[in-house]
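Numbering (my numbering), first residue to last: 61 to 553.
We put the CB at the ideal spot given by N, CA and C, even for glycine.
This structure is a prediction, so every number in the text was calculated from the model and none was measured.
Some notes on the structure that comes next.
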Ligand code: GLN
């Protein structure tokens, strides 16, 4: 029989349906794979007992004929999602010991669909980062790090733990969150599929907030079909999140028809960045050729405000973060470092509890929201954000989806891009505009770099048209035929 940890969600679902495996057997194989994957440092909390209990309950439901969309499938959860009674840290020291007494809506939906939780995944602190090097719990190692390399490669960020476990066959799938690229960029760096849904598609309730107008949860999987299955289970209207949109959740898997004949695919001129590595440009061209061969029409488009996306993001996101993170004061959650006065206690707690990147963002955010600079920075950024959205709206008059690279490079080694935050921020150049416009985007592994590392292509869709997005992604996946395995692969069964 195929190694259980190498199955996709769809394959495991079929084996379970045929009675050829059980949730317990699948879960036990993944628990074992996690035990052997310590060197990745991808999990902050392992929950093997909870996993086996959930698996048994799933097998029991199946015996009674109750089978949810994710029935018996073992997945892992980014540590930004509150999980009832299970440590939730957001990768930060300041949330030490925080065990929520509630469950996030997205994870609750997944458990209702029958999924099994293996544990909580390492991530950049408060989801701020592109390399998973800002976590209080240490760096995550990319499973694609070549054997014998002097420095490990980064898995991307902020959902670096999620991408690493899925790529390394340690979890069958994982949740991620994406504020400026944190699902798609690590997916690209680790050779998996990562989907950021339309803003409002998945509830943000119970997810530790970074930048509330940008944050969105999504699936990280090993196939486009799996992304469709998992998104269907995660999505849905939630009265507890006023920004969650009340539109029906379609059958995403049914959208994978493989037929994109007549679809118009836009290629934005402004994404052809100066200094972009030749191999990224080549892969993009290949993607264009594949979609054309499948019957799509390729249309040159312009998104003229693209060059303002990063500066706009790095005003809006820190502004919202500085406000969201004000709640961590040593009184209500986690860490408390005493002081002589209440003010000193706040200062000590926040001074010790937050890492350098989080402090940088809080300072930037506080500055751009301050009385003297609010109009010059924050309000200006909001206006530019509208122009970026209008660019996309104009483009979608002419096209049905847009094809771009996901990231400007393959995974880099720990230590690179580290002394210059702006260099690090450039990682998100192709992903950030999508969050600013609230659109859905997906990264599909499409090829290998000269150094043998995975590279992703991104498809950007119309708001709430994840179906077309997935359909095009499925065709791209098929044409690319990416089947390389990382040097580190979990041993489960
Ligand atoms: N890398 C970006 C940042 O550091 C995006 C992070 C994210 O999407 N959560 O803000």
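Checklist line | Endpoints, beta strand (DSSP E) assigned at residue 451 | finding: Residue 451 -> not in any beta strand (DSSP E); alpha helix (DSSP H) instead, spanning 440–458.
Margin query: Any contact between the segment 72–89 and the segment 216–224? By contact I mean 3 or more CB pairs, one from each, below 8 Å.
Written below: No, the segment 72–89 is not in contact with the segment 216–224.
Notebook entry, point to check: In terms of residues, what are the limits of the beta strand (DSSP E) holding residue 324?
Noted result: Unbroken beta strand (DSSP E) run through residue 324: 324–328.
Notebook entry, point to check: Do you know offhand how far residue 532's Cα is from residue 516's?
Noted result: So the alpha carbons of these two residues sit roughly 14 Å apart.
Note to self: Does the beta-carbon of residue 495, which I'm using as the reference point, lie nearer than 8 Å to any heavy atom of ligand 1?
What the structure shows: Relative to the non-hydrogen atoms of ligand 1, the Cβ of residue 495 comes within a distance shorter than 8 Å of at least one.
Next item on the list: Please list, in chain order, all residues of the same chain as residue 61 whose beta carbon is under 7 Å from its beta carbon, the five residues on each side excluded.
Entry: Only weak support is given to the placement of residue 61: the predicted model assigns it a pLDDT of 46, under 50, and the question is left unresolved by the model.
Item checked: Proximity below 9 Å, CB of residue 284 to CB of residue 325 -> Taking 9 Å as the Cβ cut-off, residue 284 and residue 325 do not qualify as a contacting pair.
Checklist line | Pick from 350, 269, 387 and 182 that is closest to residue 538, judged by C-alpha positions | finding: Residue 350 is the option with its Cα nearest to residue 538.
Next item on the list: Below 8 Å on the Cβ atoms is my guess for residue 287 versus residue 253; work out the distance and round it to an integer in Å.
Entry: Indeed, because the Cβ distance is near 5 Å, the residues count as touching under 8 Å.
Notebook entry, point to check: residue 139: beta carbon under 8 Å from a heavy atom of ligand 1?
Noted result: Every heavy atom of ligand 1 is 8 Å or more from the Cβ of residue 139, so no.
Check: In terms of residue numbering, what span does the beta strand (DSSP E) encompassing residue 116 cover?
Finding: Not the beta strand (DSSP E): residue 116 falls in the alpha helix (DSSP H), residues 108–123.
Item checked: Alpha-carbon to alpha-carbon, residue 145 and residue 176 -> A straight line joining the alpha-carbon of residue 176 with that of residue 145 spans about 15 Å.
Item checked: Bridge partner(s) assigned by DSSP for residue 177 -> Secondary-structure assignment with DSSP links residue 177 through a beta bridge to 135.
Check: Who pairs with residue 357 in a beta bridge, going by DSSP?
Finding: Bridge partners of residue 357 according to DSSP: 324.
Next item on the list: Report whether the distance from the Cβ of residue 259 to the nearest heavy atom of ligand 1 is below 8 Å.
Entry: For ligand 1, not one heavy atom lies less than 8 Å from the Cβ of residue 259.
Check: In the DSSP assignment, what are the bridge partners of residue 277?
Finding: In DSSP, residue 277 forms a bridge with 237.
Next item on the list: Tell me whether residue 504 sits in a helix, a strand or coil according to DSSP, three-state version.
Entry: In the three-state DSSP reduction, residue 504 falls in the strand class (E or B).
Note to self: Between residue 187 and ligand 1, is there a pair consisting of the residue's CB and a ligand heavy atom that are separated by less than 8 Å?
What the structure shows: The nearest non-hydrogen atom of ligand 1 is less than 8 Å from the C-beta of residue 187.
Checklist line | In DSSP terms, what residue 494 is bridged to | finding: Note: residue 494 sits in no beta bridge, so no partner.
Next item on the list: Please classify residue 206: is it buried, with 16 or more other beta-carbons within 10 angstroms of its beta-carbon, or exposed?
Entry: By the neighbour-count rule (16 or more Cβ atoms within 10 Å), residue 206 is not buried but exposed.
Notebook entry, point to check: Do the segment 327–337 and the segment 393–411 make contact, defined as three or more Cβ pairs closer than 8 Å?
Noted result: Verdict: no, contact absent.
Note to self: Please return the same chain residues whose Cβ sits closer than 7 Å to the Cβ of residue 492, not counting the five positions on each side in sequence.
What the structure shows: A distance below 7 Å between beta-carbons, with the five flanking residues on each side excluded, links residue 492 to the following residues of its chain, in chain order: 240, 241, 369, 370 and 373.
Notebook entry, point to check: If we count the other Cβ atoms within 10 Å of its Cβ and call it buried at 16 or more, is residue 387 buried or exposed?
Noted result: With fewer than 16 other CB atoms across the displayed protein chains lying within 10 angstroms of its CB, residue 387 is exposed.
Item checked: Alpha carbon of residue 105 to alpha carbon of residue 142, nearest angstrom -> Roughly 13 Å separates the two Cα atoms.
Next item on the list: Identify whether residue 252 lies in helix, strand or coil by the three-state DSSP scheme.
Entry: For residue 252, the three-state secondary structure derived from DSSP is coil.
Next item on the list: Look at residue 192 and residue 174 and say whether their C-beta atoms are less than 9 Å apart.
Entry: Contact check for residue 192 against residue 174 fails: the beta carbons are separated by 9 Å or more.
Check: Any heavy atom of ligand 2 within a distance shorter than 8 Å of the CB on residue 376?
Finding: No copy of ligand 2 occurs in the structure displayed; its ligands are ligand 1 alone.
Next item on the list: Taking the CB atoms as reference points, tell me whether residue 340 and residue 327 lie closer together than 9 Å.
Entry: No. Outside cutoff.
Margin query: Just checking residue 190 against ligand 1 - is the residue's beta carbon closer than 8 Å to any of the ligand's heavy atoms?
Written below: Under cutoff, so the answer is yes.
Next item on the list: Return the chain-ordered list of same chain residues with a C-beta closer than 8 Å to the C-beta of residue 449, the five sequence neighbours on each side being excluded.
Entry: Closer than 8 Å at Cβ, skipping near neighbours: 496, 497 and 498.
Check: Does the segment 312–319 come close enough to the segment 470–487 to have 3 or more Cβ pairs within less than 8 Å?
Finding: Here the segment 312–319 does not lie against the segment 470–487, with fewer than 3 beta-carbon pairs under 8 Å apart.
Next item on the list: Determine the burial state of residue 198: buried for a count of at least 16 other Cβ atoms within 10 Å of its Cβ, exposed for fewer.
Entry: Exposed: under 16 other Cβ atoms inside 10 Å.
Margin query: Using the Cβ count rule (16 or more neighbours within 10 Å means buried), how would you classify residue 444?
Written below: Here residue 444 is buried. Its C-beta has 16 or more other C-beta atoms within 10 Å.
Checklist line | Closest Cα partner of residue 434 within the set 396, 399, 375 and 251 | finding: Distance check between residue 434 and each of 396, 399, 375 and 251 places 375 closest, using alpha-carbon atoms only.
Note to self: Suppose the cutoff is 6 Å on Cβ atoms and the five residues either side in sequence are ignored; what does the same chain contact list for residue 354 look like?
What the structure shows: Closer than 6 Å at Cβ, skipping near neighbours: 320 and 535.
Next item on the list: Measure the C-alpha to C-alpha separation of residue 554 and residue 361 and round it to an integer number of angstroms.
Entry: With the chain represented from 61 up to 553, any question about residue 554 goes unanswered, as that position is not in the structure.
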